[in-house]
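Read the structure below first, then the notes.
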Amino acid sequence: MAEPLYDARTFWEMLDRRAALSPEQPFLIDDTDRRVTFTAFTAWAERVAAGLHDRGVTEGTVVTWQLPTRIETIVASFALSRLGAVQNPILPIYREREVGFALRQLGAAVVLIPGTWRGFDYRAMVDALVDRLVADDRPRPIVLDCYDTLPEGDPATLPPPPVAAATPESAPIRWVYYTSGTTADPKGVQHTDETLIAGGVGLAMAMEASPSDVGSIAFPYTHIGGPDYIVSCVTQGFPAVVLETFTPAAAVETFRRHGVTMAGGGTAFYLAYLNEQRKQPGDKLIPSLRLLSGGGAPKPPEIFWEVMNELQCRGAVHGYGMTECPMIAQGSPSDTDEQLAHSDGAPVHGCEVTIVTSDGSIAGPNEVGEVRLAGPMVFKGYTDPALNADAFDEQGRFRTGDLGLVRPDGHVSLTGRIKDVIIRKGENVSAKEIEDILYTHPSVGDCAVIGLPDRERGERVCAVVETAPGAEPLTFAALVEWCRQAGLMVQKIPEQLEVRETLPRNATFKILKYQLRSELEHQAWTPSG
Numbered sequence: 002m003a004e005p006l007y008d009a010r011t012f013w014e015m016l017d018r019r020a021a022l023s024p025e026q027p028f029l030i031d032d033t034d035r036r037v038t039f040t041a042f043t044a045w046a047e048r049v050a051a052g053l054h055d056r057g058v059t060e061g062t063v064v065t066w067q068l069p070t071r072i073e074t075i076v077a078s079f080a081l082s083r084l085g086a087v088q089n090p091i092l093p094i095y096r097e098r099e100v101g102f103a104l105r106q107l108g109a110a111v112v113l114i115p116g117t118w119r120g121f122d123y124r125a126m127v128d129a130l131v132d133r134l135v136a137d138d139r140p141r142p143i144v145l146d147c148y149d150t151l152p153e154g155d156p157a158t159l160p161p162p163p164v165a166a167a168t169p170e171s172a173p174i175r176w177v178y179y180t181s182g183t184t185a186d187p188k189g190v191q192h193t194d195e196t197l198i199a200g201g202v203g204l205a206m207a208m209e210a211s212p213s214d215v216g217s218i219a220f221p222y223t224h225i226g227g228p229d230y231i232v233s234c235v236t237q238g239f240p241a242v243v244l245e246t247f248t249p250a251a252a253v254e255t256f257r258r259h260g261v262t263m264a265g266g267g268t269a270f271y272l273a274y275l276n277e278q279r280k281q282p283g284d285k286l287i288p289s290l291r292l293l294s295g296g297g298a299p300k301p302p303e304i305f306w307e308v309m310n311e312l313q314c315r316g317a318v319h320g321y322g323m324t325e326c327p328m329i330a331q332g333s334p335s336d337t338d339e340q341l342a343h344s345d346g347a348p349v350h351g352c353e354v355t356i357v358t359s360d361g362s363i364a365g366p367n368e369v370g371e372v373r374l375a376g377p378m379v380f381k382g383y384t385d386p387a388l389n390a391d392a393f394d395e396q397g398r399f400r401t402g403d404l405g406l407v408r409p410d411g412h413v414s415l416t417g418r419i420k421d422v423i424i425r426k427g428e429n430v431s432a433k434e435i436e437d438i439l440y441t442h443p444s445v446g447d448c449a450v451i452g453l454p455d456r457e458r459g460e461r462v463c464a465v466v467e468t469a470p471g472a473e474p475l476t477f478a479a480l481v482e483w484c485r486q487a488g489l490m491v492q493k494i495p496e497q498l499e500v501r502e503t504l505p506r507n508a509t510f511k512i513l514k515y516q517l518r519s520e521l522e523h524q525a526w527t528p529s530g
């Protein structure tokens with residue numbers, strides 16, 4: 002069995018060492034059955050690094066890339082790591098506002114795009130943004146189409162790879178990810194190679210992955226989860242199947258063909274696989290599957306049991322992370338069923354989780370408060386330094402804005418976002434508590450509980466429900482009865498129900514509650530019941 006590489010400190014060191022340890026082991030596989038070994042991938046990345054170097058990319062050069070999830074994209078990213086460039090991955094779904102803000106704030110010297118992809122002309126968008134920069138006397142970046150052809154050159158012309166800094170604290174910023182604001186400007190989240198490696202190592206250790214596993218990347222690689230997952234692959238020496246777009250039936254067929262053992266991506270993906278399984282009850286959807294994993298959105302406890310029983314695997318082994326800290330807590334296959342169903346896992350290796358109550362004191366076991374973080378995977382601040390004062394507390398811990406608790410067994414359970422607490426007649430109502438109950442109703446495919454302004458109550462509780470495939474839409478009377486039967490106190494039962502065919506989601510399938518609030522807060526409402 003190949004040894005894990007938990008002590009690597011740069012992305013290129015990690016890859017180079019893995020290629021020496023596991024030269025013929027497959028690294029990446031795609032839905033057209035292309036396979037690239039660790040050795041072949043490393044050689045390809047060096048040629049691309051030389052091609053980018055010929056175009057002026059050197060250590061510290063800022064490169065923005067907005068590319069789909071393809072083997073070429075991952076090659077380009079490692080090529081940039083070989084050069085020591087500062088990488089700014091941008092989700093393909095983002096448009097002029099987010100891309101323009103990033104280009105202006107970071108001053109990228111090179112922009113990598115896919116040309117026209119899925120009907121959208123990225124070249125036209127970026128060219129127009131670049132013209133605006135030039136009109137403001139800003140330097141014109143080089144724009145390269147890098148969908149299926151990457152620039153290549155002679156690796157013999159490359160300078161030596163960048164070396165790790167003397168200490169983690171002095172490591173240079175190598176990655177900038179933007180979180181998309183809804184009203185304010187996007188926030189640039191700064192990471193080093195070491196912070197991202199620490200997150201990926203934490204994931205790999207928790208998942209108990211081995212070279213015999215076959216993983217999968219069915220989510221946008223430009224998401225913080227991209228390098229997080231690829232670090233797990235490289236440090237542990239297992240391959241991943243890469244999907245350019247996620248279509249459930251096609252993904253299942255590809256995963257069956259390549260013997261995927263670990264799939265997932267988050268709650269929306271769990272639901273998609275369950276829906277596919279329910280089309281063919283009795284047969285195991287993916288015979289090789291040992292677990293689903295993911296994060297990025299709450300996981301109702303019922304989903305764990307459904308995945309375990311219906312997909313005939315270990316279940317939904319869920320985790321908790323964010324752009325500012327790619328891995329915080331993660332379930333493990335060796336956890337108990339109860340832990341996997343009712344928690345978001347134990348803090349990953351190196352992550353220090355502290356729960357701080359509203360009065361500033363440290364919470365005891367099972368006491369709810371804000372989740373605050375320290376450890377080697379926490380980001381190095383925002384690109385706008387003015388945002389950092391509110392982001393970190395007096396002890397230097399990152400304020401997540403999430404509410405949660407640490408159980409007596411050390412596992413973390415999230416109870417919601419601070420801004421998602423609904424204050425109804427002076428009582429705090431947890432949206433997640435209600436969502437977990439509603440999800441168990443057979444008519445509910447997914448749901449979001451939000452607070453809406455209300456003259457009498459301050460805020461009223463509104464449930465927005467996506468109807469499960471093939472089910473009858475939920476009625477308000479059925480909602481109330483289901484909540485009562487579940488033992489939910491009357492004050493927490495939603496006063497309003499909205500039924501939708503689909504809920505609004507972002508590029509990583511997280512439900513956009515702010516959009517629901519914006520749509521519903523000014524609509525006329527008549528009390529039901």
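Residues in the sequence shown are numbered consecutively from 2, following my numbering.
By construction, the Cβ of each residue, glycine as well, lies at the ideal position given by its N, Cα and C atoms.
Task: Contact belief for P377 with H343 at Cβ below 8 Å, rounded distance in angstroms - done: Actually they do not touch by this definition, with Cβ atoms about 28 Å apart.
Task: Complete alpha helix (DSSP H) runs within the region 115-166 (minimum length 4 residues, chain order) - done: 123-136
- [ ] Give me the Cβ distance between L151 and A77, rounded to the nearest whole Å; I'm assuming they're in contact under 8 Å.
- [x] 6 Å
TODO: Please state whether DSSP places W45 in a helix, a strand or coil.
DONE: helix
Task: Top-ranked residue by Cα proximity to T65, from V131, L22, A41 and D137 - done: V131
Task: Whole-angstrom distance between A298 and V500, CA atom to CA atom - done: 20 Å
Open item on the list: Can you give me the C-alpha to C-alpha distance between V1 and T62, rounded to a whole angstrom?
Closed with: Outside the modelled stretch of the chain, which goes from 2 to 530, sits residue 1, for which no answer is possible.
- [ ] Can you have a look at A103 and say buried or exposed, based on whether 16 or more other CB atoms are within 10 angstroms of its CB?
- [x] buried
Task: Nearest neighbour of D345, chosen from L415, E47 and S335 [CA to CA] - done: L415
Task: Whole-angstrom distance between P140 and G534, CA atom to CA atom - done: There is no way to answer for residue 534, as the model of the chain reaches only from 2 to 530.
Task: 7 Å Cβ shell around G382 - same chain, five flanking residues per side excluded - done: Q191 and N389
Task: Candidates R458, R257 and V177, of which the one nearest A86 by Cα - done: V177
Open item on the list: Which same chain residues end up closer than 8 Å to P24 when comparing Cβ atoms and leaving out the 5 residues on each side of it in sequence?
Closed with: T38, F39 and T40
TODO: Tell me whether M490 is buried or exposed, calling it buried when 16 or more other Cβ atoms sit within 10 Å of its Cβ.
DONE: exposed
Task: Cut-off 7 Å between Cβ atoms - residues of its own chain near T193, not counting five sequence neighbours on either side - done: A172, P173, I174, R175 and K381
- [ ] Would you tell me roughly how many angstroms separate the C-alpha atoms of S444 and A472, rounded to the nearest one?
- [x] 5 Å
Task: CA-to-CA distance, G361 to D437, given in whole angstroms - done: 28 Å
Open item on the list: Rounding to the nearest angstrom, what Cα-Cα distance links R71 and V243 in this structure?
Closed with: 6 Å
- [ ] Assign A525 to buried or exposed, taking buried as 16 or more other Cβ atoms, counted over all protein chains shown, within 10 Å of its Cβ.
- [x] exposed
Task: Residue from I225, L204, A250 and E502 whose Cα sits closest to the Cα of T236 - done: L204
Open item on the list: Quick check on DSSP: helix, strand or coil for G85?
Closed with: coil
Task: Endpoints, beta strand (DSSP E) assigned at I174 - done: That residue, I174, is in no beta strand (DSSP E); it is neither H nor E in DSSP.
Open item on the list: Extract the residue ranges of the beta strand (DSSP E) inside the region 295-345, only unbroken runs of 3 or more that lie entirely within it.
Closed with: 317-323 and 326-331
- [ ] Give the secondary structure of S78 by DSSP, where H, G and I count as helix, E and B as strand, and everything else as coil.
- [x] helix
Open item on the list: Taking contact to mean 3 or more Cβ pairs, one atom from each stretch, closer than 8 Å, check whether the region 207-217 and the region 254-268 are in contact.
Closed with: yes
Open item on the list: Less than 8 Å between the beta carbons of P366 and P409, yes or no?
Closed with: yes
- [ ] Can you check the region 446-522 for any alpha helix (DSSP H) of at least 4 residues that lies completely inside it and give the ranges in chain order?
- [x] 477-486 and 514-521
Task: alpha helix (DSSP H) segment containing T268, residue limits - done: T268 to R279
Open item on the list: Taking contact to mean 3 or more Cβ pairs, one atom from each stretch, closer than 8 Å, check whether the region 506-519 and the region 220-231 are in contact.
Closed with: yes
TODO: Would you mind stating whether V349 and A207 have Cβ atoms separated by less than 8 Å?
DONE: yes
TODO: Measure the C-alpha to C-alpha separation of R400 and T11 and round it to an integer number of angstroms.
DONE: 27 Å
- [ ] Can you check DSSP and say which residues form a bridge with R71?
- [x] DSSP lists no partner for R71.
Open item on the list: Can you list, in chain order, the residues of its chain with a C-beta nearer than 7 Å to that of G397? Leave out the 5 residues immediately preceding and following it.
Closed with: A375
Task: Contiguous alpha helix (DSSP H) assignments of at least 4 residues, all confined to the region 342-369 - done: none
- [ ] Look up W66 in the DSSP assignment and give the residues it is bridged to.
- [x] P90 and L113
- [ ] State buried or exposed for R1, treating a residue as buried only when at least 16 other CB atoms are found within 10 Å of its CB.
- [x] No information on residue 1 is available, as it lies outside the stretch 2 to 530 that the chain covers here.
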